[in-house]
Amino acid sequence: MTGAAANSPVDGILATVSIVLSLLVAVWALVAAVRHRPPDRVQFVGLAVLEVALLALTVLALVAIGGGDRPGEPGAFFGYLVTLVCLPPLAWVLARMEPTRWGSAIVCAVCLVAPVVVVRLQQTWEVLGG
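Note that full-length UniProt numbering gives residue 121 to position 121 of the sequence shown, counting from 1, and the numbers run on in steps of one.
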């Protein structure tokens, strides 16, 4: 592990919790979609809890930046950060608009994308000058 990775605010227990939570909601939504079920309360609560975790991760990153730390690729980092906090609300709105099995499929898809964005966020922080 490099020095940058050791000091990364987006690489820790909160990131791991966000990834695991997102994958759990994705599995639940996939089961619902396969069973031809619309999004249920568990999916919406899961999205809300995921959003809280992602907002906490965002606050940690912004506090680190305010303290003088810098991501390796600032443009990409902030792009991924904004995308990350927008994903759960987007899934919520689209799933509410589509109260069929496809709403559950939307939740599943977004919850599969979120962990990838968290990992990319970690990678863009750790880049050392390209």
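Just so you know, even glycine gets a beta-carbon here, dropped at the ideal spot from N, CA and C.
Roughly how many angstroms separate the alpha carbons of residue i and residue j, rounded to a whole number?
i, j, result
"Val-59", "Arg-35", "37 Å"
"Met-1", "Arg-96", "Low confidence applies to Met-1: its pLDDT is 42, below 50, so where it sits in the model is not reliable, and the reading given next is rough at best. The straight-line gap from Cα to Cα measures roughly 42 Å."
"Gln-123", "Trp-102", "32 Å"
"Ile-106", "Val-85", "16 Å"
"Gly-79", "Arg-70", "14 Å"
"Pro-39", "Ala-32", "7 Å"
"Ala-61", "Leu-81", "9 Å"
"Leu-47", "Glu-73", "28 Å"
Measuring alpha carbon to alpha carbon, tell me which residue in the options is nearest residue i.
i, options, result
"Leu-30", "Ala-109, Gln-123, Val-93", "Ala-109"
"Thr-83", "Leu-62, Leu-121, Pro-71, Ala-56", "Leu-121"
"Thr-100", "Val-10, Arg-37, Ala-114, Leu-23", "Arg-37"
"Val-116", "Leu-94, Ser-18, Ala-48", "Ser-18"
"Val-93", "Leu-55, Phe-44, Gly-66, Gly-68", "Phe-44"
Length at least 4, wholly inside the stretch 23-109: the alpha helix (DSSP H) runs in chain order: 41-66, 74-97
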